[in-house]
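**Student:** Okay, here's the structure, questions in a sec.
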Amino acid sequence: MSVNTKGNFNILAFIIADFPPIGINQVLYVSYIEDIRSATILMDIQVTDSATGFLSDLQGMENVLFVAEDSKQETEIGGEFVIYDVVDRKNTGGKSSAVIRLCKTDFLNNAANKVSKRFGKGHGFFDLEWGMFSDMNYVNEKTIVYAVIHEVQRVDYDLEPSETDILVDKIFTK
Numbered sequence: 019m020s021v022n023t024k025g026n027f028n029i030l031a032f033i034i035a036d037f038p039p040i041g042i043n044q045v046l047y048v049s050y051i052e053d054i055r056s057a058t059i060l061m062d063i064q065v066t067d068s069a070t071g072f073l074s075d076l077q078g079m080e081n082v083l084f085v086a087e088d089s090k091q092e093t094e095i096g097g098e099f100v101i102y103d104v105v106d107r108k109n110t111g112g113k114s115s116a117v118i119r120l121c122k123t124d125f126l127n128n129a130a131n132k133v134s135k136r137f138g139k140g141h142g143f144f145d146l147e148w149g150m151f152s153d154m155n156y157v158n159e160k161t162i163v164y165a166v167i168h169e170v171q172r173v174d175y176d177l178e179p180s181e182t183d184i185l186v187d188k189i190f191t192k
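Going by the numbering used here, the sequence shown opens with residue 19, and the numbers climb by one from there.
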């Protein structure tokens, strides 16, 4: 059995703002999706890091430059993105890995839209905090919920919250 170790693309640039450049040997896979319906590009990139440990410092909303070309050097993909989530973080034997989810700034999955649905940084932190405050009787279903967001987080798409998402009553932006 032989294994194909030659990739079908070459990474020309992979830079996360305020972090060291990411080398080709740190990239385990790239999933690139051009979503015609929402007119945007989404990417999942699994990265490994054993030298700097930067993966544990990623919070989301960092600016990213990712550019790749096919192995024939005929097609270039990528551009400027924003990290909207970091998932599947693992740390085993001094090596860390994670999947970095990227999107264009015109479409953020942690966005609020005109009907005041709010999608946070992920991991259910707000929902967990809401549950704790609810258990302490600080909040209930009549509590008015406000969210402060960046202007690029406001979108006009019809986003669907899950059953456990807490919807906001009003959003504030610049």
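Think of the CB as a built atom: it goes at the ideal place given N, C-alpha and C, for glycine as much as any other residue.
These figures come from a predicted structure and were not determined experimentally.
Return the CA-CA distance between G78 and I118, expressed in angstroms with no decimal places.
**Tutor:** For this step, residue 78 is matched to residue 60 along the sequence shown. For this step, residue 118 is matched to residue 100 along the sequence shown. G78 and I118: Cα-Cα distance of roughly 9 Å.
**Student:** Just grab the DSSP bridge partners of E94 for me.
**Tutor:** Position 76 of the sequence shown, counted from the first residue, corresponds to residue 94. Answer is E87.
**Student:** Can you tell me which of I29, N158, F72 puts its alpha carbon nearest to the alpha carbon of R89?
**Tutor:** The count along the sequence shown starts at 1 and reaches residue 89 at position 71. At residue 89 the sequence reads Ser, which differs from the Arg that was named. Checking every option, the nearest Cα to that of S89 belongs to I29.
**Student:** Would you say A86 and F27 are within 8 Å of each other, going by their C-beta atoms?
**Tutor:** Within the sequence shown, numbered from 1, the residue matching residue 86 stands at position 68. Within the sequence shown, numbered from 1, the residue matching residue 27 stands at position 9. Yes, they are a contact pair.
**Student:** Considering only the beta carbon of each residue, do V82 and V105 sit closer than 8 Å?
**Tutor:** On the sequence shown, position 64 is the one that residue 82 refers to. On the sequence shown, position 87 is the one that residue 105 refers to. No, the pair does not count as a contact, with Cβ atoms beyond the cut-off.
**Student:** What separation, rounded to the nearest whole angstrom, lies between the Cα atoms of E92 and T191?
**Tutor:** Here the question's residue 92 lines up with position 74 in the sequence shown. Here the question's residue 191 lines up with position 173 in the sequence shown. Cα to Cα, E92 sits roughly 42 Å from T191.
**Student:** Could you tell me if G96 is buried or exposed, where buried requires 16 or more neighbouring beta carbons within 10 angstroms of its beta carbon?
**Tutor:** As a first step, residue 96 is located in the sequence shown; it is residue number 78 there, counting from the start. It is buried - the Cβ of G96 has at least 16 other Cβ atoms within 10 Å.
**Student:** Looking only at DSSP bridge pairs, what is D67 linked to?
**Tutor:** Indexing the sequence shown from 1 puts residue 67 at position 49. Note: D67 sits in a beta bridge opposite S114.
**Student:** Per DSSP, which residues does F190 bridge with? Please list them.
**Tutor:** Within the sequence shown, residue 190 is the residue found at index 172, counting from 1. According to DSSP, F190 bridges with V166.
**Student:** Comparing C-alpha positions only, which one of V186, A116, I63, L120 sits nearest to V166?
**Tutor:** Working through the sequence shown from its first residue, we reach residue 166 at position 148. If we check each option's Cα against that of V166, V186 comes out closest.
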